[in-house]
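Just so you know, the UniProt record's numbering puts 70 at position 70 of the sequence shown, and the rest follows in order with no gaps. Idealized CB from N, CA, C, for every residue including glycine. Note that the structure is predicted; figures quoted are calculated from it, not measured.
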Amino acid sequence: MAPAPKYTMQEQELMILDAAEKSIENSSLLDFTMSAIAKGAGLSMGSVYKHVQSKEDVLIALAANMYTNEADMYHTVLTLPLTIPEKIIATNLIDRNKVHTYSFEGQLDNLVSSAALLKRGSLMWIERMRNNSKKIEHEFDRLYSDAAQSGEFISGMAAVEEIGLLFWSLTAGYFQLVRQHQSLLQGDDAAASGALLALAPDAPHIRGLKRMLNAYEWRQPLTQQGIEKACRLLEEIDFR
1 MAPAPKYTMQ EQELMILDAA EKSIENSSLL DFTMSAIAKG AGLSMGSVYK
51 HVQSKEDVLI ALAANMYTNE ADMYHTVLTL PLTIPEKIIA TNLIDRNKVH
101 TYSFEGQLDN LVSSAALLKR GSLMWIERMR NNSKKIEHEF DRLYSDAAQS
151 GEFISGMAAV EEIGLLFWSL TAGYFQLVRQ HQSLLQGDDA AASGALLALA
201 PDAPHIRGLK RMLNAYEWRQ PLTQQGIEKA CRLLEEIDFR
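Take a look at the structure:
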């Protein structure tokens, strides 16, 4: 009888992702090697290729894991004892240095949105990454839908999709702009690190989001006191 495998497939996958993270940190998202991952994981190349067939697979697998953790993070924030507008603004007040999955996640997020990279990835990993990314969308879709159905969002269901799209565009666009600005001023290492300073309660981005949110009708409009309350609760759970 053949001996039982030393590690389960799930354990091997975790070992490979952990080794991939360390390999990337020691080189870069473009220069890491599959052999370095195998060595770091303590597995044969054959075992590694049973899980990931290419460097593109490695990046997509890391992104899939990152999106799962992000969905969990947003779920935690969106279930805090805050009004809906306060919960929405709280997601922009998180200190990303305290909750990030990888030090290079800003650059990773950009890479896995490349059509050229996705063409070289395995369907299984691409589907897993997309499904995990959808978990984040579902967290916010549920929030806006619950707000409308409960009457907290007075503007009604017709405006739910609208406010969700506006909020996502302003948030994603802002943080992308900050990373690009860091890269220009400080070099690629700063952009790769994903080190974004936590926003102050009166930062221009937060003030802009407050105006946008209060352009809609809420049972309790967003106030500066509500923003500061969100900051305090984030500090209590060590998200800020």
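How many Å lie between residue i and residue j at the Cα?
i           : j      : result
Phe38       : Ile94  : According to the sequence shown, residue 38 is Ala rather than Phe. Whole-angstrom Cα-Cα distance: 35 Å.
Leu43       : Ala20  : 12 Å
Ser145      : Leu170 : 20 Å
Lys55       : Glu11  : 20 Å
Pro81       : Asn214 : 20 Å
Phe153      : Glu228 : 21 Å
Glu161      : Arg120 : 33 Å
residue 241 : Arg96  : A query on residue 241 cannot be resolved here, the shown segment of the chain reaching from 1 to 240 and no further.
Glu25       : Ala198 : 23 Å
residue 267 : Ser155 : Shown here, the chain extends from 1 to 240; a query on residue 267 therefore has no answer.
Ala192      : Ile136 : For Ala192, the pLDDT reaches just 47, beneath the cut-off of 50, and the residue's location in the model is therefore unreliable, although a value from the coordinates is still provided. If you take the alpha carbons of Ala192 and Ile136, they lie about 22 Å apart.
Contact defined as beta carbons within less than 8 Å: I believe residue i pairs with residue j. What is the distance between those atoms, to the nearest angstrom?
i      : j      : result
Arg179 : Gly106 : 5 Å
Leu234 : Ile89  : The Cβ separation is near 10 Å, so there is no contact.
Val52  : Ala41  : That pair is no contact at about 11 Å.
Lys87  : Val77  : 7 Å
Leu166 : Met212 : 6 Å
Gly151 : Arg219 : 6 Å
His205 : Asn92  : 7 Å
What residue from the options has the CA that sits closest to residue i's CA?
i      : options                       : result
Phe140 : Pro85, Arg128, Arg96          : Pro85
Leu30  : Thr76, Ser150, Leu111         : Leu111
Glu127 : Asp57, Ile163, His75, Glu161  : Asp57
Lys134 : Asn26, Glu70, Pro204          : Glu70
Arg130 : Thr83, Asn97, Tyr102, Met66   : Met66
Pro221 : Lys6, His75, Thr83            : Thr83
Met45  : Ile163, Arg142, His138, Ile16 : Ile16
Quick one: is the Cβ of residue i within less than 6 Å of any heavy atom of the ligand ATP?
i     : result
Ile24 : This structure lacks the ligand ATP, and indeed carries no ligand of any kind.
In this structure, does DSSP put residue i in helix, strand or coil?
i      : result
Phe153 : strand
Using 8 Å as the cut-off, can you tell me whether the segment 12-29 makes contact with the segment 43-61, which would need three or more C-beta pairs spanning the two stretches below that distance?
yes
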